[in-house]
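Heads up: the structure comes next, in structure tokens.
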Amino acid sequence: MSASCALVRDRFADYAKERLRASERGELREHLASCRACASLAAAFDPTLLFAVARPEEVSAEEIAGILSAVRTGIALENAERRLERAPRTRRVGAAAAAAAAAAFTLLLPGASRRVEPPAEVSASKKPQAAGPQDSLPVALPSESGTFPAKATIYDWSPGAGQDGPRVVWIVDRSLDI
Amino acid sequence: MELAYSEERRRAEAVSEDDRTLALAARDGDMVAFETLVVRKTPAVVSVARRIVGDTEDARDVAQMVFLRVYKELRRYDERYSLNTWLYRIATNLAIDFLRSARSRAKAHGATLHLVLQRQEGTSAQTTRAAEEEELLRLLRKASEAMTGKQKAAFVLREMEDRDTKEIAEILGCGESTVRNHLFNARRVLRRELERSHPGLVRRGEKA
Chain A
228 MSASCALVRD RFADYAKERL RASERGELRE HLASCRACAS LAAAFDPTLL FAVARPEEVS
288 AEEIAGILSA VRTGIALENA ERRLERAPRT RRVGAAAAAA AAAAFTLLLP GASRRVEPPA
348 EVSASKKPQA AGPQDSLPVA LPSESGTFPA KATIYDWSPG AGQDGPRVVW IVDRSLDI
Chain B
379 MELAYSEERR RAEAVSEDDR TLALAARDGD MVAFETLVVR KTPAVVSVAR RIVGDTEDAR
439 DVAQMVFLRV YKELRRYDER YSLNTWLYRI ATNLAIDFLR SARSRAKAHG ATLHLVLQRQ
499 EGTSAQTTRA AEEEELLRLL RKASEAMTGK QKAAFVLREM EDRDTKEIAE ILGCGESTVR
559 NHLFNARRVL RRELERSHPG LVRRGEKA
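This is the structure we're talking about:
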């Protein structure tokens, strides 16, 4: 048992009662992280001292990229909703139905970004504000069946080239009015 | 092409800017600054959320909510205060809310002290640390069921995040004496639960 072990063991009670100075507290935590005998004695003295050695967690780059991607998508949706809220009341009522329709049309597609020209009957509006640096312009998908509503806006968000993450397409039907 | 170049250059600049500069730029609509903050602060936010809610997947959900809330409330950010404290405050509040709703669909979790008490013995330090952290979380999750959200948050911020009581008071929006009360009560509950669920702990300690 080293001198520092003896010193640390005398401080368990003061640590648990928040009576140590910041420097003493830091020394004790550092010591417990590196001395198994003292850590075991600390846990025996007061089991809450098991947590006195917790270190900062490591978060992988993949996890960070996933969260960033989800945040970008959330912001794009927020901005789309905000624009709908600014519309006149009759259109806001329709927007509720449109939001439901948008949810129903929302597609999660893996893969890279794809951009297509809007067909004549579908209007493409401005880029959602602050939707991220990647391809996030509202674009229209080709209407193979010809059933797209006349006043639809189609938002197409994709992660940038070389980045993982789902592609999200959502369609807001502005012609609905219930 | 010019736009792409500018954004790339802005991203490179933003990485070296401090938190306050990024927060102010983000407040003025600079999305590159905002995203740089998200990347920089995600580890801290995920860490505190995971330790309060006790689950990695749930912590990721909380982290997403935290950054969306930050984006929406950036206009209210007061530059006189530390960005970290503000972020911790949002993260802690959302994690406590999440915990409250999660408790209604509580799950049963077992916990052992095996790995925690075998620290330093493993050859792969990183793997052992991750396993120990997981073990501590399981212990805390089980033993803290009788704590209030604020007691648990105070304990996590103090013991696991190593924050001082003044900062915890700012994060939780209360006085330092209230933080000390939360810590006292959290320790009391945790001690009782751990002694009940792991009676061998004292004996093991005496042998060391």
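As they're listed, the protein sequences go chains A and B.
First residue of the first sequence: 228, per my numbering; consecutive thereafter.
First residue of the second sequence: 379, per my numbering; consecutive thereafter.
Yeah, the Cβ is synthetic: ideal placement off N, Cα and C, and Gly gets one too.
### Task
Would you mind reading off the limits of the alpha helix (DSSP H) that contains Met-409/B?
Here the alpha helix (DSSP H) through Met-409/B covers 409-431.
### Under 8 Å from the C-beta of Ala-441/B: neighbouring residues of chain A
Scanning chain A for C-beta atoms nearer than 8 Å to the C-beta of Ala-441/B yields Ile-294, reported in chain order.
### Query
For Val-286/A, does the three-state DSSP call read helix, strand or coil?
Val-286/A falls in the coil class under three-state DSSP.
### Query
Going along the stretch 438-466 of chain B in order, which residues come within less than 8 Å of chain A, judged by CB to CB distance?
Against chain A - using a Cβ distance shorter than 8 Å - the residues of the stretch 438-466 of chain B are Arg-438, Ala-441, Gln-442, Phe-445, Leu-446, Tyr-449, Lys-450.
### Message
Give me the chain B residues within the contact set of Val-298/A, using Cβ-Cβ distance strictly less than 7 Å, ordered along the chain.
### Response
In chain order: Val-416, Gln-442, Phe-445, Leu-446.
### Query
If you measure from the beta carbon of Phe-239/A to each beta carbon in chain B, is any gap under 8 Å?
For Phe-239/A, no CB of chain B lies under 8 Å from its own CB, so it is not counted at the interface with that chain.
### CA-to-CA distance, Pro-421/B to Thr-543/B, given in whole angstroms
Between Thr-543/B and Pro-421/B, the C-alpha separation is close to 22 Å.
### Task
Show which residues of chain D have a CB atom less than 9 Å away from the CB atom of Asp-436/B.
No chain D appears in the structure shown, which is made up of the protein chains A and B.
### Task
Would you kindly work out how many angstroms separate the C-alpha atoms of Val-440/B and Arg-447/B, rounded to a whole number?
The straight-line gap separating the alpha-carbon atoms of Val-440/B and Arg-447/B is approximately 10 Å.
#### Entry: Contact set between the stretch 243-264 of chain A and chain B, restricted to residues whose Cβ is under 9 Å from the partner
So the list reads Ala-243, Lys-244, Glu-245, Ala-249, Arg-252, Gly-253, Arg-256, Ala-260, Ser-261, Cys-262, Arg-263, Ala-264, given in the order they occur along the chain.
### Task
List the residues of chain A whose Cβ lies closer than 8 Å to the Cβ of Thr-420/B, in chain order.
Residues of chain A passing the Cβ test: Val-286, Glu-290, Ile-291, Ile-294, Leu-295.
### Query
Distance, Cα to Cα, Glu-385/B vs Val-410/B?
Straight-line spacing of the CA atoms in Glu-385/B and Val-410/B works out to 8 Å.
### Task
Can you tell me the Cβ-Cβ gap for Leu-561/B and Ala-532/B, rounded? I've got them flagged as a contact below 8 Å.
By a beta-carbon distance limit of 8 Å, Leu-561/B contacts Ala-532/B. Their separation comes to about 5 Å.
#### Entry: Leu-474/B versus Arg-238/A - alpha carbon distance
Residue identity differs from the one stated: residue 474/B is Ile in this sequence, not Leu. Computed Cα separation, rounded: 32 Å.
### Task
Note down, in chain order, each residue of its chain lying with its Cβ closer than 7 Å to the Cβ of Ala-392/B, except the 5 sequence neighbours on either side.
Sequence-distant partners of Ala-392/B (beyond 5 residues in either direction) whose C-beta falls short of 7 Å from its own C-beta, in its chain, are Leu-400, Val-410, Ala-411, Thr-414.
### Message
With a threshold of 8 Å on Cβ separation, who are the neighbours of Leu-452/B within its own chain once the five nearest residues in sequence on each side are excluded?
### Response
Setting aside the 5 residues that flank it on each side, Leu-452/B is surrounded in the same chain by Ala-401, Ala-404, Arg-405, Phe-412, each with a C-beta closer than 8 Å to its C-beta; the list follows chain order.
#### Entry: Spatial distance of Arg-516/B from Gly-407/B (CA atoms)
The alpha-carbon atoms of Arg-516/B and Gly-407/B are separated by roughly 41 Å.
### Query
Between the Cα of Lys-520/B and the Cα atoms of Ile-549/B, Ala-508/B, Arg-574/B, Glu-554/B, which residue gives the shortest distance?
That would be Arg-574/B, whose Cα lies nearest to the Cα of Lys-520/B.
#### Entry: Sequence-distant residues of the same chain with beta carbon closer than 8 Å to Leu-259/A, five excluded per side
Exclusion of the five residues before and after Leu-259/A leaves Val-235, Cys-265, Ala-266, Ala-269, Leu-276, Ala-279, Val-280 as the residues of its chain whose Cβ lies within less than 8 Å of its Cβ.
### Task
Could you name the residues of the same chain whose beta carbon sits closer than 6 Å to that of Trp-464/B, not counting the 5 residues immediately before and after it, in chain order?
Cβ contact annotation for Trp-464/B (same chain, cutoff 6 Å, sequence separation greater than five): none.
### Query
If you drop the 5 nearest sequence neighbours on each side, which residues of the same chain put their C-beta closer than 7 Å to that of Cys-262/A?
Apart from the 5 residues on each side of it in sequence, Cys-262/A sits with its Cβ closer than 7 Å to the Cβ of Cys-232 in its chain, given in chain order.
### Message
Taking its Cβ as the centre, do 16 or more other Cβ atoms sit within 10 Å of Arg-458/B, making it buried, or is it exposed?
### Response
By the 10 Å Cβ count, Arg-458/B comes out exposed.
### Task
Compare the C-beta of Leu-568/B with all C-beta atoms of chain A and state if any pair is closer than 8 Å.
Using a CB distance cut-off of 8 Å, Leu-568/B counts as an interface residue toward chain A.
### Query
Under a Cβ-count criterion, where at least 16 other Cβ atoms within 10 Å of its own Cβ denotes burial, should Pro-577/B be classed as buried or exposed?
Under the 10 Å beta carbon count, Pro-577/B is surrounded by fewer than 16 other beta carbons and is classified as exposed.
### Query
If we call anything under 8 Å between Cβ atoms a contact, is Val-417/B one with Leu-295/A?
Closer than 8 Å, so yes.
### Task
Quick one: grab the DSSP three-state call for Arg-341/A.
Confidence is the limiting factor: at Arg-341/A the pLDDT is only 39, short of 50, which leaves the residue's position unreliable, though a coordinate-based value still follows. In the structure shown, Arg-341/A adopts coil according to DSSP, grouped into three states.
### Query
Is the beta carbon of Arg-429/B sitting closer than 8 Å to the one on Val-534/B?
The Cβ atoms of Arg-429/B and Val-534/B lie closer than 8 Å to each other.
#### Entry: Straight-line gap, Val-396/A to Arg-252/A (C-alpha atoms, nearest Å)
Near 52 Å, if we compare the C-alpha coordinates of Arg-252/A and Val-396/A.
### Local Cβ density within 10 Å of Arg-478/B, reported as buried at 16 or more and exposed below that
Exposed, since its Cβ has fewer than 16 Cβ neighbours within 10 Å.
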